[in-house]
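A short worksheet on the structure shown next.
Following this line, the structure appears as structure tokens:
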């Protein structure tokens, strides 16, 4: 298939693209290469993708609807994987306009282009952050998610609502993927794994929020990529049992679905740090701090729907994933 991948120069975008290309799909990747973090890392990811004959890159911002729609007309994509977004919970507190433009206006442009391009299936990145103030775990796609605690989370929940409207009005099959704390090689410099690793190796202290008592459902990026591609292959369909009297948030009578992709084994932050220390052979200097605005105490994915419908669940153990990360990091930064 010919597939459009937005955010192709991103962390998850690289791994999803590689998975598609290795099985023989043609991938057109777009990215605006912004400077939220060092664009050199994004360029290095693209260099890896350019080794594949089936990959082409177009520098483009999804906020530019005219350019985006022309690309759809020219390329006639079969399916779209939309990963482009302004990421980061804390950054959304100080830079809300970046999220409003990319995550809301940009996503609306992608939906319109998919509608007019008669796309067979749109798969887009949502986030575990949509669970917000929910405390019942594991988090299920059948739970309501109406209390986001960050603007980033609110934009991701908005994406799910916008997608549903297009599925309902225009019959566009859409599937949202709520990713849970993704980590692994080629990750972003603002992610905790990179921050912890660099600080430990350089002998700097690390900030440990909520005194290390937070829990995260750390999910290895290869599992995320595999799950994303498998979901793309299974076009979203209507739920024949959907009932408006008791509406299911995870499905619809329209061709709309939402899935969690998480390791479904939450790990305490202190254990995560210990795993990094073990892989590096060096102990961290810890600066214990309270919870930060926009953070949640725990994330924990219920992946039963993903298992049932897609026949897939993440399986990479944390220790294995962190070892692979450390190997990549030492090579990339030459430490």
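Numbering (our numbering), first residue to last: 1287 to 1621. Built from N, CA and C at the ideal position, the CB exists for glycine as well.
Exercise for review: Find the nearest neighbour of residue 1502 within the set 1559, 1369, 1553, 1323, judged by alpha-carbon distance.
Suggested key: In this structure, 1553 is the residue among 1559, 1369, 1553, 1323 with its C-alpha nearest to the C-alpha of residue 1502.
**Study point:** Among 1522, 1589, 1439, 1301, the one whose alpha carbon lies nearest that of residue 1382
**Key:** The shortest Cα separation from residue 1382 among 1522, 1589, 1439, 1301 belongs to 1439.
**Study point:** Per-residue DSSP class, three states only, for residue 1350
**Key:** The three-state reading of DSSP puts residue 1350 in coil, since its state is none of H, G, I, E or B.
Check your understanding: For the alpha helix (DSSP H) that contains residue 1301, what are its first and last residues?
Key -> Its alpha helix (DSSP H) spans residues 1297 to 1308.
Review point. Rounded to the nearest angstrom, how far is the Cβ of residue 1389 from that of residue 1445, given a contact under 8 Å?
Key: Separation of the CB atoms of residue 1389 and residue 1445 is rounded to 7 Å, and the pair is thereby assigned contact status at 8 Å.
Review point. Skipping 5 residues on each side, what residues in its chain have a beta carbon closer than 7 Å to that of residue 1423?
Key: So the list reads 1584, 1586, once near-sequence residues are dropped.
Point to revise | Opening and closing residue of the beta strand (DSSP E) in which residue 1520 lies | key: It is not in any beta strand (DSSP E) - residue 1520 carries neither H nor E in the DSSP assignment.
Review point. Going by Cα to Cα distance, which pick from 1580, 1346, 1412, 1543 is closest to residue 1495?
Key: Of 1580, 1346, 1412, 1543, the residue nearest in Cα terms is 1580.
Practice item. Pull up the distance between the alpha-carbon of residue 1368 and that of residue 1416, whole angstroms please. Key: Across the structure, residue 1368 and residue 1416 are spaced so that their CA atoms are roughly 17 Å apart.
Exercise for review: Identify which residue in 1292, 1342, 1322, 1409 has its Cα closest to the Cα of residue 1517.
Suggested key: Minimum Cα distance to residue 1517 is reached at 1409.
Exercise for review: Kindly list the residues whose CB is nearer than 7 Å to the CB of residue 1428, restricted to its own chain and excluding five residues on each side of it in sequence; keep chain order.
Suggested key: Only residues of its own chain outside the window of five on either side were considered, and among them 1534, 1535, 1536 have a CB closer than 7 Å to the CB of residue 1428, listed in chain order.
Practice item. With DSSP collapsed to three states, give me the class of residue 1376. Key: Correct three-state label for residue 1376: coil.
Check your understanding: Hey, how far is the Cα of residue 1543 from the Cα of residue 1414?
Key -> Distance between the alpha carbons of residue 1543 and residue 1414 is about 15 Å.
Exercise for review: Quick one: grab the DSSP three-state call for residue 1606.
Suggested key: In the structure shown, residue 1606 sits in a helix (DSSP, three-state: H, G or I).
Review point. With 16 other CB atoms within 10 Å as the buried threshold, where does residue 1318 fall?
Key: A buried status is given to residue 1318, since no fewer than 16 other beta-carbon atoms sit within 10 Å of its beta-carbon.
Exercise for review: Could you check how far apart the C-beta atoms of residue 1341 and residue 1366 are, in whole angstroms? I think they sit under 8 Å.
Suggested key: Actually they are not in contact, since the Cβ atoms of residue 1341 and residue 1366 sit about 16 Å apart, beyond 8 Å.
Check your understanding: Under a three-way DSSP split, which group does residue 1330 fall into?
Key -> Correct three-state label for residue 1330: helix.
Review point. Going along the chain, which residues of its own chain have a beta-carbon closer than 8 Å to the beta-carbon of residue 1550, five neighbours each way excluded?
Key: 1424, 1503, 1586, 1587, 1588, 1589, 1599, 1600, listed in sequence order.
Point to revise | Residue ranges of each beta strand (DSSP E) within the region 1434 to 1518, 3 or longer | key: Runs of the beta strand (DSSP E) inside the region 1434 to 1518: 1460 to 1465, 1491 to 1495.
Exercise for review: For residue 1489, collect the residues of the same chain with a Cβ closer than 8 Å to its Cβ; drop the 5 residues on either side in sequence, then sort them by chain order.
Suggested key: Same-chain partners within the cutoff: 1571.
Point to revise | Option in 1364, 1458, 1500 with minimal Cα separation from residue 1576 | key: The option with the nearest alpha carbon to residue 1576 is 1500.
Review point. Taking residue 1609 as the reference, which of 1559, 1326, 1582 has the closest Cα?
Key: The candidate whose alpha carbon is nearest that of residue 1609 is 1559.
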